[in-house]
Amino acid sequence: MSHLHDPAFLRGMTQPRTRREAFRIAGLSAAGLALAACGVQGQKAAPPKADAVKDYWSQQTKHGRVVFANWPEYMPEDQAPLKKFQSETGISYQYKEVIQENAEFFGKADPVLRAGQSLGYDIVVMTNGVQLQHMIQLGYCVALDHSKLPNFAANAGEAYKNRAYDPGSTYTIPYTSGVTGIAYNTKYVKDDITSIEALFDPKYKGRVGMMGDAQEIANFGMIALGVNPEKSTEADWKKAGEKLKAQRDAGIVRKYYDQSYIDAVSKGDIWVSMAWSGDVFQRQLAGEPVKFVVPEEGGTIWTDNMLIPKGAANPVDALMLMDFLYQPAVAAELDEFIQYVTPVPGVQDILKEKAAKATGEDKKALEQMVASPLMFPSEADYAKLHTYTTLSTQQEQVFNPIFQSITQA
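Each residue of the sequence shown is one higher than the one before, starting from -14 at the first, in my numbering.
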């Protein structure tokens, strides 16, 4: 049974989903930066040695329980995938929606992990960015035993096995991803927007929305200059800052938005905006005149990642659940609910088959999902998607003021 007639799902079409509201400050609020800065005073961990990883896992056994910490609205309300896991493995689960924002979560986790204590969670989901980087650098993540991840090996897309922020998936495997691109209101914009330059076009003066998050606008400033954010230098950040400042000073930007951009572009308060893929897809399902495009120059891909925190009580059970979520049928059930980008390409065919058998509104919604580049980006889209700039603590102190001075002026 699809969740398409679930009142909570229908509410999600017209109200901001908590997940994205929280994500917007994925580490670049002033409070978040203070917490992150505290976090990196710890001793940086050396990369894991293969023997040490082997020794750790050889000492671990299945305990028959697992505690999963995740973001709100990231699991169907009936928790069917988790119930299926329990019935197939005999492992009982506790599922806790305790992560509201990366910086806040890291701020609470850091002193506990630094003291060598357990967080009380076996799986934690965090977005690539400043805090996840600190978690890895400080040795707060357990190196994964890939011999226990056969579904991940068989079913994950190649792009999800090789991520710049965690080479070789040493510490994390993806839960879901999303894309930052451009949304525009087709009632007011009659051109087909293909270029990032639309966000800088004086003809949309006062009708452009930009993200308030420093890493997000930094990426778009750099992409507009033809710079790959992942390989960017301090000089690139300054040039991007100048371009974004000129855009602001010319009156082109109406506002630097949080989640509320999607209402503004849907209503026509703004006509063109930086946007998150999942938000736009929900509005399209609701019949609103909003289109999403990954600019030809490129866009941003972000990923929420599963990891096992140091000191977890049940690491074997955690690894089993992480791998279970990579069974295509289970991944399809998750993606139909979450409506972001699945790391399992085989999901598209499963939803296609389900759409073929469905009727009425369920059929229509499933067909829209299968055809949507917001849930299933093409190879050409993936080729032009970048992750965020990887920053050391020293670099953060240069990078953040450049872009925060634009959005907070």
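Every residue gets a Cβ at the ideal spot worked out from N, C-alpha and C, and that includes glycine.
Following the DSSP letters along the chain, one finds P294 in no beta strand (DSSP E), marked with neither H nor E. Burial is judged here by how many other beta carbons sit within 10 angstroms of a residue's own beta carbon; K34 has fewer than 16 and is exposed.
Counting every other CB atom within 10 Å of its CB across the protein chains shown gives E321 a total of 16 or more, marking it as buried.
If you draw a straight line from the Cα of I84 to the Cα of I208, it is about 30 Å long. In the DSSP assignment, A54 is bridged to K81 and V109. Assigned with DSSP and collapsed to three states, R239 falls in strand.
Membership of N87 in the alpha helix (DSSP H) is indicated by the continuous run N87 to R99. Residue range A35 to S43 is occupied by the alpha helix (DSSP H) that includes W42. Distance from T161 to E201 at the Cβ level is roughly 18 Å; contact not present, criterion being Cβ atoms closer than 8 Å.
Short of 7 Å from the beta carbon of V238, and not among the five residues preceding or following it, lie these beta carbons of its own chain, in chain order: V193, M195 and Q232. Here A298 is near D107, since their CB atoms are less than 8 Å apart. DSSP, reduced to helix, strand and coil, places R148 within a strand of the structure shown. Apart from the 5 residues on each side of it in sequence, Y150 sits with its Cβ closer than 6 Å to the Cβ of N113 in its chain, given in chain order. Sequence-distant partners of T155 (beyond 5 residues in either direction) whose C-beta falls short of 6 Å from its own C-beta, in its chain, are A128. The Cβ neighbour count for D289, taken over all protein chains shown within 10 Å, is at least 16; the residue is labelled buried. Residue environment: K295 is assigned as buried (16 or more neighbouring CB atoms within 10 Å of its CB, all protein chains considered). Cβ contact annotation for T327 (same chain, cutoff 6 Å, sequence separation greater than five): A316 and D320, in chain order. By the Cβ test, the stretch 248 to 256 is not in contact with the stretch 335 to 354, since fewer than three Cβ pairs between them sit closer than 8 Å. Assignment of W256 by DSSP, reduced to helix, strand and coil, places it in the coil class.
For the pair E82 and P66, the CB atoms are not nearer than the 8 Å cut-off. Taken through DSSP and simplified to helix, strand or coil, D347 comes out as helix. Under the three-state reduction of DSSP, G197 is assigned to coil, being neither helix nor strand. For I167, the enclosing beta strand (DSSP E) has its first and last residue at T157 to N170. As DSSP reads the structure, D320 sits in no beta bridge. Taking a C-beta distance under 8 Å as the contact criterion, V279 and D177 do not qualify as a contact pair.
In the DSSP assignment, V326 forms a beta bridge with S162. Judged by beta-carbon spacing, G284 lies beyond the 8 Å limit of N140, meaning their Cβ atoms are not closer than that value. A distance below 6 Å between beta-carbons, with the five flanking residues on each side excluded, links A94 to the following residues of its chain, in chain order: L104.
Under DSSP, V275 takes part in a beta bridge, and its partners are N170.
In the structure shown, D289 falls within a strand segment according to DSSP collapsed to helix, strand and coil. Between the stretch 260 to 272 and the stretch 353 to 361, the count of Cβ pairs shorter than 8 Å is three or higher; the stretches touch.
No Cβ-Cβ contact shorter than 8 Å links S72 with G49.
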